[in-house]
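Novice:
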Amino acid sequence: MSEEIKNIDVLIVGGGPAGLSAAVELWKKGVRDILIVEREKHLGGILRQCIHDGFGLTRFGVTLSGPEYAGRFISEVRELGIPYIVNAAVTNVTGDRLVTVVTPGGLLRYQAKAVVLTMGCRERTRGALAIPGERPSGVFTAGVAQAYINLYNKMPAKEVVILGSGDIGMIMARRLTLEGAHVKAVYEVQPYPSGLPRNIEQCLNDYNIPLYLSHTVTEIHGDRRLKGVTVSKVDEKFRPIPGTEEYVECDTLILSVGLLPENELSIDAGVVLDKRTRGAVVDEHYQTSVPGIFAAGNVLHVHDLVDFVSMEAEQLADHVARFISEGSLSECDVKLNYDGNINHTIPQKVSGDEKFRLSLRVSHPMKDVKIVVMQDGRELASRKMKKALPAEMVQLDVEGVKSGAGDLQVCVV
Amino acid sequence: MELFDVLIIGGGVVGSAIARQLSRYRLKIGVLEKNLDVCYETSGRNTGVCHGGFAYDPGSLKARLCVKGNQMMGDLAEELDFSFKRCGKVLVGFTDEERARLHEVMEQGEKNGVKHLSIIEKERLRELVPTVEGEFAMYSPDSGILDPFMMTIALAENAHQNGVSYFLDNEVVGIHREEDDTWTVSTKHGELNASGASTYHTRWVINAAGLGCGVISDMLGLTGNRIIGSKDDYIILDNRLSKLVPMPIYTVPSNTYMGIHVSVTTDGNVLLGPTAEDTEDLHWYGVAQKNLDYLYEEATKIWPHVNRGDYIRTYTGILPKWIDENGKIQDFKIEIVDDVAPHAVNLVGIESPGLTASVAIADYVIELMKEHMDLLENPGFVPVRTGIKKFAEMSEEEQAECIRRNPDYGELICRCQKVTKAEILEAVRNPLGVHTMVGVKYRTRSMMGRCQGGYCQMRIAELLEKEYGIRETELEYNRQGSQLFFGTVR
């Protein structure tokens, strides 16, 4: 290999909101030998195509569009002089943190003390759901349709059906309507919406787009461009109910049926994943099962608000800065267990040495509940909620964990 | 009007193999293909297995041409630069009845000239395929897997390189025999809403129309062939599982049905299929929920690692089967019927193992033609065709070197399959002039990964528009009428 291997303190994989936030915070903590590697031609990640507003209320106290939100961090990166390369794709990360980057200028290799995984997530596709029927053109994931319209100036739709009430799907319902398409309906297989209440209000109700719960697309029709879909009601186990089929004519089916953390590089590096989040198993330092490899943002668990992505990445950066200066972080052997009302938690284990922020999602909608964190029968933290929805991530700060003692229990009472 | 020596109807693997083998001779050859690319139907919708030839009646064309095709495959793959792996294959069984049947299959295979077959016990089976279920198996080490898209494209490109003209978007609608014993073939363009018509004049016609073999046969005056479809649904799984399926895993076959199998593609994707339902409709490529459930259950019996979370796509292929009046599936029919249709080679019911046998079929067709005419060797014939170099399969040293020579190799367009801009551009500029999205997909494997083009398709659409100077509304996904866009936004 003629290319030399460059040593670096921290290599950040991905210049989206998580990577940018982590970089800025690391720099501020005095860690300067860092590099953001971004595969697209510009920094900003998926925010570049999210031209709607609603970003930044929690993080900045104002509502911004996606590019504006990303722009704040990008300006800071540029002003501080934080090193980054674009049009550069990381193709491999080893468990020893040797990173390979493909760029038009050549193949680059870095030996990093710490690798920060901030690759974000990808969309679940029609193929992953194995929706029966033919395979015409005109079936797009919401993010792809959004990219075509907002970044590539191409109109992919006229008569539209949307499957899934994820946030991007609802935002695209509004966007497509504003661009002159006719959005006939949104169908959701769950008995409750999977996106945020504010999006149902602002993207569907405001435009008279009906939302049908407990419905799904059971067949796709058309051998060239999409001609229509068959929609069916489903029972409590999501099985289509015979006799409820309805044919809906349309030329476009938009899918907003879930996001999957993009962990291909993590798997190759030997990082252990959580079956629920499909992101890494991490401790309170956001360190994965591979020492020196950290993860935050949507690659760790899918967030509903970018503000929380930034804040999580900033916390990660604090721990990475300490890892760089001290060489290691404290052992984390206290596990987090949870009951059936909780879908997952981040982190999955903690040290007990310090206060940490717990992120979780409930597994189904609930009313008037209290989420409690206990250790050996002791209540460490709790949150009372009038309404708990799977669409909304819940965060609690937890203190007073005893290391060497029993596992933490997270439950709904 | 220019006069062709040979017009081949159908640019699938068989038509393109015939075109390529005939281009060894001094002939003016044309291929009429109704789709916008060469492997849009049966040739691109199958398991991609290079069959051994044991599952066919001894003495049949299927047996003879499959065995011959299998033996030729290694050299062919090398010459034409498409992926082929002689990885072997196992047929697993559980019951005494199945064991007896496997012995029959093995004996039949030996009669057919298939080498190295053996019955192996559980322990050896687990050594070969650690993840498989089954008490015993028949092992065929000479079976293999190949890339059916690239095999077809490579044959077509090599034929083209040797002077064969490809006429895509030309669906044959009429064949007329002239008084001087030449043929006039009429086609229409735009398949759905005829956007034009063409006429071709030729000495010989070859019916390699695959699913259209019955229709073309009728046009030639060779009526009475009954064709039904065998519709095969498949599920494609993530290529992370490739290590778990080092070779195709089949169940015990009959001589007309291979059974459900768990196979692996040359790109490492695991395949579950096929369902094999008889159908009169040779055009409907839909997958039914019940078939997906059935595939899951049946595949799990021989390979207990099927997980719905690993699904990335489903697909359907239809095999054209020639049947007798009792519905019994017949052999391949390859004929020249002098008194009805002189100077026409009629191929009927070229189903599985047509992919494996394709070049052997082509040679057989040429032998038949030689009984009617003298063929002069083409001294300029070039047997070698070079494909697109795959970045993902290079060592890091080779990758670095490639980027140094061409910076487009340093721009990753498809993240899942690690396909670079250099490869995409080469595919966009393919010699046949195919400019559909799926054309690029077949030639590069971009958009075939787990995100199904979620990341790369926009870039590929832009490159196609730019290179061909077409508007976004003119860009087709795969077939005529499969446009992706209705216009611009701003």
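As you go down the protein sequences, you meet chains A and B in turn.
Here the first sequence is numbered in the working numbering, starting from 1215 and rising by one per residue.
Here the second sequence is numbered in the working numbering, starting from -8 and rising by one per residue.
Note that CB positions come from ideal geometry on N, CA and C, so glycine has one too.
Less than 8 Å between the CB atoms is what I'm expecting for B/S208 and B/K312, so what's the real figure, rounded?
Specialist: The Cβ separation is near 14 Å, so there is no contact.
Novice: If you count every other CB in all the chains shown that lies within 10 Å of the CB of A/R1273, and 16 or more means buried, which is it?
Specialist: Buried.
Novice: Locate the alpha helix (DSSP H) running through B/H180, then write down its first and last residues.
Specialist: Premise fails: B/H180 lies in the beta strand (DSSP E), 174 to 180, not in any alpha helix (DSSP H).
Novice: In chain B, which residues lie less than 9 Å from A/I1363 when you measure between Cβ atoms?
Specialist: In chain order: V480.
Novice: Return the first residue and the last residue of the alpha helix (DSSP H) that B/E112 is part of.
Specialist: Run containing B/E112: none in the alpha helix (DSSP H); it sits in the beta strand (DSSP E), 109 to 112.
Novice: Run through chain A and tell me which residues come within less than 7 Å of B/V278, C-beta to C-beta.
Specialist: The contacting residues are P1346, G1347.
Novice: Between the beta-carbon of A/G1347 and the beta-carbon of A/I1434, is there less than 9 Å?
Specialist: Yes.
Novice: So that I know if they touch, is there some Cβ in chain B lying closer than 9 Å to that of A/R1336?
Specialist: Yes - at least one Cβ of chain B is within 9 Å of the one on A/R1336.
Novice: Please confirm if the segment 1474 to 1487 of chain A is in contact with the segment 1545 to 1563 of chain A, defined as three or more CB-CB distances below 8 Å between the two stretches.
Specialist: No: fewer than three Cβ pairs fall under 8 Å.
Novice: In this structure, how does DSSP classify A/L1603 when only helix, strand and coil are distinguished?
Specialist: Coil at A/L1603, not helix or strand.
Novice: Name the chain A residues whose beta carbon is nearer than 8 Å to that of B/I303?
Specialist: Per Cβ cutoff of 8 Å: T1339, G1341, A1342.
Novice: Across the segment 65 to 75 of chain B and the segment 270 to 287 of chain B, are there enough close Cβ pairs to call them in contact, namely three or more that are closer than 8 Å?
Specialist: In short, these stretches do not touch, since the Cβ pair count stays below three.
Novice: Flag A/G1244 as yes if its beta-carbon sits less than 9 Å from any beta-carbon of chain B, otherwise no.
Specialist: It does not; no Cβ of chain B falls within 9 Å.
Novice: Looking at the unbroken alpha helix (DSSP H) that takes in A/F1157, where does it start and where does it end?
Specialist: Any answer about residue 1157 of chain A is impossible in this case: the structure gives chain A only from 1215 up to 1627.
Novice: Closer than 9 Å, CB to CB, is A/G1457 near chain B or not?
Specialist: Not closer than 9 Å to any Cβ of chain B, the Cβ of A/G1457 fails to qualify, so no.
Novice: At a Cβ cut of 9 Å, what residues of the segment 1364 to 1387 of chain A count as close to chain B, listed as they run along the chain?
Specialist: Hits within the stretch, in order: N1364, L1365, Y1366, N1367, K1368, M1369, P1370, A1371, K1372.
Novice: Using 8 Å as the threshold, is the segment 1324 to 1338 of chain A in touch with the segment 1217 to 1229 of chain A, meaning 3 or more CB pairs across them?
Specialist: Yes, the segment 1324 to 1338 of chain A touches the segment 1217 to 1229 of chain A.
Novice: What are the residues of the segment 415 to 449 of chain B that lie near chain A, defined by any Cβ-Cβ distance shorter than 9 Å?
Specialist: Per Cβ criterion, the list reads M428, R441, C442, Q443, G444, G445, Y446, Q448, M449.
Novice: Three Cβ pairs or more, each shorter than 8 Å: is that satisfied between the segment 1395 to 1408 of chain A and the segment 1370 to 1386 of chain A?
Specialist: Enough Cβ pairs lie closer than 8 Å, so yes.
Novice: Who are the Cβ neighbours of A/Y1324 in its own chain at under 6 Å, not counting the five residues just before and after it?
Specialist: K1220, I1222, L1225, V1313, listed in sequence order.
Novice: Are A/S1573 and A/I1560 touching if we call contact CB-CB under 9 Å?
Specialist: Yes.
Novice: Leaving out five residues before and five after B/L159 in sequence, what residues of the same chain have Cβ atoms less than 6 Å from its Cβ?
Specialist: Closer than 6 Å at the Cβ level, and outside the excluded window around B/L159, lie E24, L27.
Novice: Rounded to a whole number of angstroms, what is the C-alpha to C-alpha distance between B/A46 and B/V278?
Specialist: In a straight line, the C-alpha of B/A46 is about 27 Å away from that of B/V278.
Novice: Taking the alpha helix (DSSP H) that A/I1288 belongs to, which residues open and close that run?
Specialist: Taken as a continuous stretch (DSSP letters only), the alpha helix (DSSP H) holding A/I1288 covers 1280 to 1294.
Novice: With A/G1591 and A/R1311 assumed to form a contact (beta carbons below 8 Å), what rounded beta-carbon distance in angstroms separates them?
Specialist: That pair is no contact at about 41 Å.
Novice: Closer than 9 Å, CB to CB, is A/V1443 near chain B or not?
Specialist: No - not a single Cβ of chain B is within 9 Å of the one on A/V1443.
Novice: Note the first and the last residue of the continuous alpha helix (DSSP H) segment covering A/L1159.
Specialist: One cannot answer for residue 1159 of chain A here, as it falls past the ends of chain A, which runs 1215 to 1627.
Novice: Under 8 Å, with one C-beta from each stretch per pair, do the segment 127 to 137 of chain B and the segment 29 to 46 of chain B reach the 3-pair mark?
Specialist: Touching, yes.
Novice: Compute the Euclidean distance between the alpha carbons of A/P1579 and A/K1600, then round it to the nearest angstrom.
Specialist: Going by the C-alpha atoms only, they are around 11 Å apart.
Novice: Pull up the distance between the alpha-carbon of B/G60 and that of B/I309, whole angstroms please.
Specialist: B/G60 and B/I309: Cα-Cα distance of roughly 21 Å.
Novice: With the cut-off set at 9 Å, would you say A/L1410 and A/E1606 are in Cβ contact?
Specialist: It is a contact, given that the beta carbons lie within the stated cut-off.
Novice: Residues in the same chain with beta-carbon distance under 6 Å from B/W195, minus the five sequence neighbours each way, listed in chain order, please.
Specialist: Only V(-3), H334 meet the Cβ criterion.
Novice: Check whether the segment 288 to 305 of chain B touches the segment 335 to 354 of chain B, taking contact to mean three or more Cβ pairs, one atom from each stretch, closer than 8 Å.
Specialist: They do not touch, by the three-pair rule.
Novice: For the beta strand (DSSP E) containing A/G1275, list its first residue and its last residue.
Specialist: Looking at the DSSP string, A/G1275 is not in any beta strand (DSSP E), and its letter there is neither H nor E.
Novice: For A/E1528, collect the residues of the same chain with a Cβ closer than 6 Å to its Cβ; drop the 5 residues on either side in sequence, then sort them by chain order.
Specialist: So the qualifying residues of the chain are S1235, E1239.
Novice: So, helix, strand or coil for A/D1223, using DSSP?
Specialist: Here A/D1223 sits in strand by DSSP.
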